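Notes follow once the structure below has been shown.
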Amino acid sequence: MRALRVLSLPADHHYVRHALGPGARVLPDPPVPGAPRRVWWPSPAWEPTWIERHRAAFDLVHVHFGYEHRTVAQIRDWVRALRRLQVPLVVTVHDLDLPHTADQTDHRARLRVLVAAADEVLTLTHGAADEVRALTGRTATVVPHPRMEPLDTIRRTVRPPRPTGPVTVGVHLKSLRANAGRVELLRALTTATEALGPQQAQLEVTLHREVADPASAHHDPDIVAWARHQDEAGTACVRWIDPLDDAGFTAYLAALDISVLPHRWGTHSGWVEQCLDLGVVPVVPDVGHLQEQGTRHVYTWRGEQPTHQSLVTALAGAITEARTGRDVRAATAWADHRARQDVVSHREHAAAHHRAVAAHATGVGTREDDTPARRRTNAPSHRTGRTPQEAS
Numbered sequence: 245m246r247a248l249r250v251l252s253l254p255a256d257h258h259y260v261r262h263a264l265g266p267g268a269r270v271l272p273d274p275p276v277p278g279a280p281r282r283v284w285w286p287s288p289a290w291e292p293t294w295i296e297r298h299r300a301a302f303d304l305v306h307v308h309f310g311y312e313h314r315t316v317a318q319i320r321d322w323v324r325a326l327r328r329l330q331v332p333l334v335v336t337v338h339d340l341d342l343p344h345t346a347d348q349t350d351h352r353a354r355l356r357v358l359v360a361a362a363d364e365v366l367t368l369t370h371g372a373a374d375e376v377r378a379l380t381g382r383t384a385t386v387v388p389h390p391r392m393e394p395l396d397t398i399r400r401t402v403r404p405p406r407p408t409g410p411v412t413v414g415v416h417l418k419s420l421r422a423n424a425g426r427v428e429l430l431r432a433l434t435t436a437t438e439a440l441g442p443q444q445a446q447l448e449v450t451l452h453r454e455v456a457d458p459a460s461a462h463h464d465p466d467i468v469a470w471a472r473h474q475d476e477a478g479t480a481c482v483r484w485i486d487p488l489d490d491a492g493f494t495a496y497l498a499a500l501d502i503s504v505l506p507h508r509w510g511t512h513s514g515w516v517e518q519c520l521d522l523g524v525v526p527v528v529p530d531v532g533h534l535q536e537q538g539t540r541h542v543y544t545w546r547g548e549q550p551t552h553q554s555l556v557t558a559l560a561g562a563i564t565e566a567r568t569g570r571d572v573r574a575a576t577a578w579a580d581h582r583a584r585q586d587v588v589s590h591r592e593h594a595a596a597h598h599r600a601v602a603a604h605a606t607g608v609g610t611r612e613d614d615t616p617a618r619r620r621t622n623a624p625s626h627r628t629g630r631t632p633q634e635a636s
């Protein structure tokens, strides 16, 4: 199969690079007016006029994310432009619930329009595929989330056993994105780590400085008060930092033994995948389909508050796993699994792209109804555990 020219929205992202692979001819993100280089949002390619001006440069469009700034009407106009210009459309459903907002009404409406118009629909887990079918009537091909780290890094990431002493349990709330837990999560984590004992876990909480700034829209006085109390009590280590770039976040994550994801809602997570690649044990909430991404330690939300017993149980299991470390053999096995996964992902994406283009070549074209796409019987299975043997 010849390599098709793909307008990927976005292009410069870990997921896209690893999922499509080096053989894909992915166009660079168009420059965002007034933004620094390598900033891809908000992409001007979401304007119908941009698509019309640049139609000759690409063979198809593949949508991943980054369209939350568009209204439903604007998305409809955009897919009409694709149809008029005979542009094949592939959509990967990453977020059934957008992490940036509590009200999902507009996001779900945008998603319905895009999925209805798509020639090919993909998603990352079978649970998400079930939701896509219930929401839109379309059957999505399941291609699991790719690795987040280079294969050489995965092979080199060996962690010695930690039979004694506290392991580092980190939670990073960043600038308090809408779906991030608030002070209730921090109180629950403090209580849970205290219950496990100081020889089991040291809690490290990281936040962006703007959360402590009364002039910032991200200011949270309850968290600031909690942090001041920790300075006196010494139960948790609180770190105030500036936002990290990709390399900085990788270094932060690699320094932990356990990473607690603070999500109150969501669908999939690259954070989980990066933990697995770096040998960090993820503790995840029971939201979305994170449990299909190879996680084992899960806590439960009850409203705004995680349940104490679920958090203690999840942390205790994660501590046991973290103490075993990751030897050379395990790191190599995980890297080999990721390499095999790359092959499948690259093949599945190329096949989806060629099917979408072929549909237009044979006159089928982009649809705008909710007719289910044909069921794929050879879609790769999702991972149910963390070991390569279980996953492959």
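Using this note's numbering, read the sequence shown as starting at 245 and increasing by one per residue. Ideal Cβ placement from N, Cα and C applies to all residues, glycine included. Here the structure is a predicted model, which is why all the values come from computation and not from measurement.
Item, Value
"Among 313, 416 and 563, which one has its Cα closest to the Cα of residue 488?", "416"
"Looking at the strands, I want to know which residues DSSP matches up with residue 316.", "In DSSP, residue 316 forms no bridge with anything."
"Whole angstroms is fine: what's the gap from residue 282's alpha carbon to residue 254's?", "11 Å"
"Only counting runs of 3 or more residues, tell me where the beta strand (DSSP E) segments fall wholly within the stretch 251-299, in order along the chain.", "none"
"Would you say residue 423 and residue 508 are within 7 Å of each other, going by their C-beta atoms?", "yes"
"Among the candidates 442, 406, 315 and 287, whose CA atom is the shortest distance from the CA of residue 568?", "406"
"Three or more C-beta pairs under 8 Å: does that hold for the stretch 446-462 against the stretch 483-498?", "yes"
"In terms of residues, what are the limits of the beta strand (DSSP E) holding residue 577?", "No beta strand (DSSP E) contains residue 577, which is instead part of the alpha helix (DSSP H) from 572-605."
"On the criterion of 16 or more Cβ atoms from any shown chain inside 10 Å, does residue 187 qualify as buried, or is it exposed?", "Nothing in the structure corresponds to residue 187, since the chain is present only between 245 and 636."
"Residue 455 and residue 420: beta carbons closer than 7 Å?", "yes"
"By the 10 Å Cβ neighbour count, where 16 or more other Cβ atoms means buried, how is residue 329 classified, buried or exposed?", "exposed"
"Would DSSP call residue 514 helix, strand or coil?", "helix"
"Excluding sequence positions up to five away, which residues of its chain have a Cβ less than 6 Å from the Cβ of residue 390?", "262, 263 and 589"
"Does the stretch 561-575 come close enough to the stretch 394-414 to have 3 or more Cβ pairs within less than 8 Å?", "yes"
"Can you confirm whether the stretch 533-540 touches the stretch 361-371 when touching is taken to mean that 3 or more C-beta pairs between the two stretches lie within less than 8 Å?", "yes"
"Quick check: the stretch 496-506 against the stretch 516-532, are at least 3 beta-carbon pairs closer than 8 Å?", "yes"
"Can you have a look at residue 194 and say buried or exposed, based on whether 16 or more other CB atoms are within 10 angstroms of its CB?", "Given a span of 245 to 636 for the chain in the structure shown, any question on residue 194 remains unanswerable."
"Do you know how far the Cα of residue 275 is from the Cα of residue 310?", "14 Å"
"Going by CA-CA distance only, name the one from 437, 312 and 579 that's closest to residue 342.", "312"
"Please report the residue range of the alpha helix (DSSP H) in which residue 496 lies.", "490-498"
"Once DSSP output is grouped into helix, strand and coil, what is the label at residue 465?", "helix"
"Please say whether residue 594 and residue 364 have beta carbons closer to each other than 7 Å?", "no"
"Using only the alpha-carbon positions, how far apart do residue 556 and residue 544 sit?", "11 Å"
"Can you tell me the Cα-Cα spacing of residue 539 and residue 562, whole angstroms?", "10 Å"
"Could you give the DSSP three-state label for residue 548: helix, strand or coil?", "coil"
"For residue 344 and residue 376, what's the separation of their Cα atoms in angstroms?", "20 Å"
"One question on the structure: do residue 241 and residue 249 come within less than 7 Å of each other, judged by their Cβ atoms?", "Because the chain is modelled from 245 through 636, residue 241 falls outside the range shown and cannot be assessed."
"Contact criterion: CB-CB distance below 7 Å. Does residue 491 meet it with respect to chain D?", "Judged by its chain identifiers, the structure shown contains no chain D, having just a single protein chain."
"With DSSP as the reference, label residue 366 as helix, strand or coil.", "strand"
"Taking Cβ positions, are residue 382 and residue 359 nearer each other than 7 Å?", "yes"
"Could you tell me the alpha carbon to alpha carbon distance between residue 393 and residue 465, rounded to whole angstroms?", "36 Å"
"Please report how far the alpha carbon of residue 463 lies from the alpha carbon of residue 257, in whole angstroms.", "29 Å"
"Comparing C-alpha positions only, which one of 352, 337 and 346 sits nearest to residue 366?", "337"
"Thinking just about the alpha-carbon of each residue, which of 572, 559 and 529 is nearest to the one in residue 547?", "529"
"Out of 444, 471 and 395, state which residue places its alpha-carbon closest to the alpha-carbon of residue 429.", "471"
"Could you spell out the range, first to last residue, of the alpha helix (DSSP H) harbouring residue 358?", "349-361"
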